[in-house]
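**Student:**
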Amino acid sequence: KAGVTQTPRYLIKTRGQQVTLSCSPISGHRSVSWYQQTPGQGLQFLFEYFSETQRNKGNFPGRFSGRQFSNSRSEMNVSTLELGDSALYLCASSLGGTQGSPLHFGNGTRLTVT
Amino acid sequence: DQQVKQNSPSLSVQEGRISILNCDYTNSMFDYFLWYKKYPAEGPTFLISISSIKDKNEDGRFTVFLNKSAKHLSLHIVPSQPGDSAVYFCAASESNAGNMLTFGGGTRLMVKP
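Residue numbers (the working numbering), protein chains in the order written: chain C, 14 to 127; chain G, 20 to 132.
The following block contains the structure:
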């Protein structure tokens, strides 16, 4: 079974631009979550989608948004990029979206903002 | 304010010995806890979890212990192997928060041959 696939793996953008990251979950998984990993703040929850609906949202500004499609694939968008948005963005999927279904992470998209 | 803390940034252990990684939390609403392992350039990999109704869960060489009164959990790896060298994250969630996990800062484990 294929794992969680994130594209692209690496991305370099300039301040003020916007970026879209893509995530394909494990087949059959309906929950997709996004996390940001930085050296200073560690792994932080961005948002979770389940059956195309945002179920939870972390403490990030409105420049960070996401969506989920009917095939469970998900995208996240960051507008008006800032230097501090440079991070590893991780997508994770799970079967049922409840506590009993551990998250399976992709290898991430490394975003560098210059 | 860090709700989940891993106070040891690194740990070095000899191959074959026990590795003990610790994690403390402050939010009493957390009722499900997980450990993840992360290699460089890869996403975290799920290791083991425990519900707050239990105080111990085992899976092969990995055992997680939960002390609710102390708001403390630990991961024991016995015996440790060089391939276990990685960064280990503990994470916690509340029952009404879906897959919203709060992670600790991680502990880098080095297992020496």
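All C-beta atoms, glycine included, are put in the ideal place defined by N, C-alpha and C.
Measuring straight from C-alpha to C-alpha, what distance separates Gly71 (chain C) and Phe58 (chain C)?
**Tutor:** Their backbone Cα atoms lie some 5 Å apart in a straight line.
**Student:** So the candidates are G:Asn118, G:Lys131, G:Val130 and G:Cys109; which of them puts its Cα closest to the Cα of Asn26 (chain G)?
**Tutor:** When only C-alpha atoms are compared, the closest one is G:Cys109.
**Student:** Is there contact here, the segment 111-123 of chain G with the segment 45-55 of chain G, by at least three beta-carbon pairs under 8 Å?
**Tutor:** A contact exists between the segment 111-123 of chain G and the segment 45-55 of chain G.
**Student:** At which residues does the beta strand (DSSP E) containing Phe49 (chain G) begin and terminate?
**Tutor:** First-last of the beta strand (DSSP E) with Phe49 (chain G): Phe49 to Lys57.
**Student:** Answer with yes or no whether the minimum CB distance from Glu34 (chain G) to chain C is below 7 Å.
**Tutor:** So no, Glu34 (chain G) is outside the interface.
**Student:** For a contact defined as C-beta to C-beta under 8 Å, what are the partners of Gly124 (chain G) on chain C?
**Tutor:** Those within 8 Å of Gly124 (chain G) in chain C are Gly55.
**Student:** Can you give the Cα-Cα distance for Gln30 (chain C) and Thr122 (chain C), rounded to whole angstroms?
**Tutor:** Taking the straight line joining both Cα atoms gives about 17 Å.
**Student:** Can you tell me where the beta strand (DSSP E) with Glu61 (chain C) in it begins and where it stops?
**Tutor:** Gly55 to Phe63 is the extent of the beta strand (DSSP E) around Glu61 (chain C).
**Student:** Is DSSP giving Ser101 (chain C) helix, strand or coil here?
**Tutor:** Position check: residue 101 (chain C) holds Leu in this sequence, whereas Ser was assumed. Strand.
**Student:** Under 8 Å, CB to CB, which of the residues in the segment 61-72 of chain G have a partner in chain A?
**Tutor:** Protein chains C and G are contained in the structure displayed, whereas chain A is not.
**Student:** Can you pull the DSSP bridge partners for Thr45 (chain G)?
**Tutor:** BP columns for Thr45 (chain G) are empty, so no partner.
**Student:** Taking just the CA atoms, how far does Asn41 (chain G) sit from Lys87 (chain G)?
**Tutor:** For Lys87 (chain G) and Asn41 (chain G), the distance between alpha carbons rounds to 14 Å.
**Student:** Does the beta carbon of Asn118 (chain G) come closer than 7 Å to any beta carbon on chain C?
**Tutor:** Yes, Asn118 (chain G) lies at the interface with chain C (some Cβ there is under 7 Å from its Cβ).
**Student:** Per the DSSP calculation, Leu30 (chain G) is bridged to which residue(s)?
**Tutor:** Note: Leu30 (chain G) sits in a beta bridge opposite G:Leu128.
**Student:** Rounded to the nearest angstrom, what separates Glu88 (chain C) and Lys73 (chain G) at their Cα positions?
**Tutor:** One C-alpha to the other measures close to 37 Å.
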